[in-house]
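Chemist: For the sequence shown, full-length UniProt numbering gives the first residue as 1, with consecutive numbering after it.
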Amino acid sequence: MTKKTIGILQPGHAPDGTLRGMGDYDQCFRALLGETEFTYLSFDVEGGQLPDNVHAADGWLITGSRHGAYEDHPWRDPLEDFIRAAHEAGLPLVGICFGHQIIARALGGEVKLAETGWIAGPQTYRGPDGKNFTVNAWHRDQVTRVPEGLEVFASGENCPVAGMFEPGRVLTFQPHPEFDAVYTAALLEERGASLPEPLQSAVAQRLRDTPLDRSYIAQLMREFLKDPSFRL
């Protein structure tokens, strides 16, 4: 069977130090999705690198970023143009955290700083067919208006738009299925100072006690990227 090529667009990178040593964001997704069914191309969007053509890959995955989707960066508008072109061409788009948000913006939605503040560590969401799943999150921005044509398929207690879907074209998640407990603990160590102290302690406790459903989300992503007829 011919492997599909997935282009990974990186509008951000893991911070230097322990996290970078554990793998940059593209490596996290390669580990999550595996090498059996896909080959990968990585593009440093934050550094100004974008593919010349949306057909350079069979599908596209946009990673997280420390930046806000509403912030003005020289690479943001070209990335949104690329998203719209890939969407118009009918290519599958996967977005995670910032990727989820920038896809929403590019297709006519809205992203804002959430009044609820930071959401971090293991979070439980209600997904397709009422199935609950738990994965790590790390964000304070949220999609506040969903683009026309996309449906919300996952929501959390303080995150109404935790996942968006359009058959054959869009699958996004606000949380981070690519972050396992060890990676998120390192993230807490290196970037936890940005969180309120009570939340830091709560995240550390939940990371020790909470099983994650990363493999469930990984399988949804694989099926979506392989099969245009995939439905949730």
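We put the beta carbon where it would ideally sit given N, CA and C, even for glycine. Bear in mind the structure is a predicted one, so any value in this text is a computation, not a measurement.
#1: Would the stretch 42-49 count as touching the stretch 110-119 if we require 3 or more Cβ pairs under 8 Å?
#2: Taking the alpha-carbon of D180 as reference, which of I6, V170, G7, Y25 has the nearest alpha-carbon?
#3: Could you tell me the distance, in whole angstroms, from the CA atom of P15 to the CA atom of I96?
#4: Below 7 Å CB to CB, which residues in the same chain sit around H176 once its five sequence neighbours on both sides are set aside?
#5: Enumerate in chain order the residues of its own chain whose CB-to-CB distance from residue 321 is below 8 Å, with the five nearest sequence positions on each side excluded.
#6: Assuming A69 contacts R105 (C-beta within less than 8 Å), just tell me the rounded distance between them.
#7: Give a yes or no on contact between the stretch 202-209 and the stretch 160-177, applying the rule of three or more CB pairs nearer than 8 Å.
#8: Figure out for me which residue from G17, G48, T5 has the closest Cα to the Cα of L187.
#9: Does DSSP classify G48 as helix, strand or coil?
#10: Beta-carbon within less than 8 Å of A86's beta-carbon, same chain only, minus the 5 sequence neighbours each way: which residues are those?
#11: For R140 versus G117, is the C-beta spacing smaller than 9 Å?
Modeler: Reading from the atomic positions:
#1: Taking a contact to require three or more Cβ pairs closer than 8 Å, the stretch 42-49 and the stretch 110-119 do not qualify as touching.
#2: Numbered from 1 along the sequence shown, position 180 holds the residue referred to as residue 180. Y25 is the residue among I6, V170, G7, Y25 whose C-alpha sits nearest the C-alpha of D180.
#3: For the purposes of this step, residue 15 is taken as residue 15 along the sequence shown, with counting starting at 1. For the purposes of this step, residue 96 is taken as residue 96 along the sequence shown, with counting starting at 1. For P15 and I96, the distance between alpha carbons rounds to 17 Å.
#4: In the sequence shown, residue 176 corresponds to position 176, counting from 1. Beyond the five residues adjoining it in sequence on each side, H176 comes within less than 7 Å, by CB distance, of G64, I96, C97, V135, N136, A137, W138 in the same chain, given in chain order.
#5: The structure shown does not extend to residue 321, since the chain is modelled only from 1 through 232, so no value can be given for it.
#6: Within the sequence shown, residue 69 is the residue found at index 69, counting from 1. Within the sequence shown, residue 105 is the residue found at index 105, counting from 1. The beta-carbon distance between A69 and R105, rounded to whole angstroms, is 5 Å. This is short enough to meet the 8 Å contact definition.
#7: Not touching, per the Cβ criterion.
#8: Position 187 of the sequence shown, counted from the start, is the residue given in the question as residue 187. Among G17, G48, T5, the Cα nearest to that of L187 is on G17.
#9: Within the sequence shown, the letter at position 48 stands for residue 48. It is coil, neither helix nor strand.
#10: Against the sequence shown, residue 86 aligns to sequence position 86. Closer than 8 Å at the Cβ level, and outside the excluded window around A86, lie V54, W60, L93.
#11: Mapped onto the sequence shown, residue 140 falls at position 140. Mapped onto the sequence shown, residue 117 falls at position 117. Taking 9 Å as the Cβ cut-off, R140 and G117 qualify as a contacting pair.
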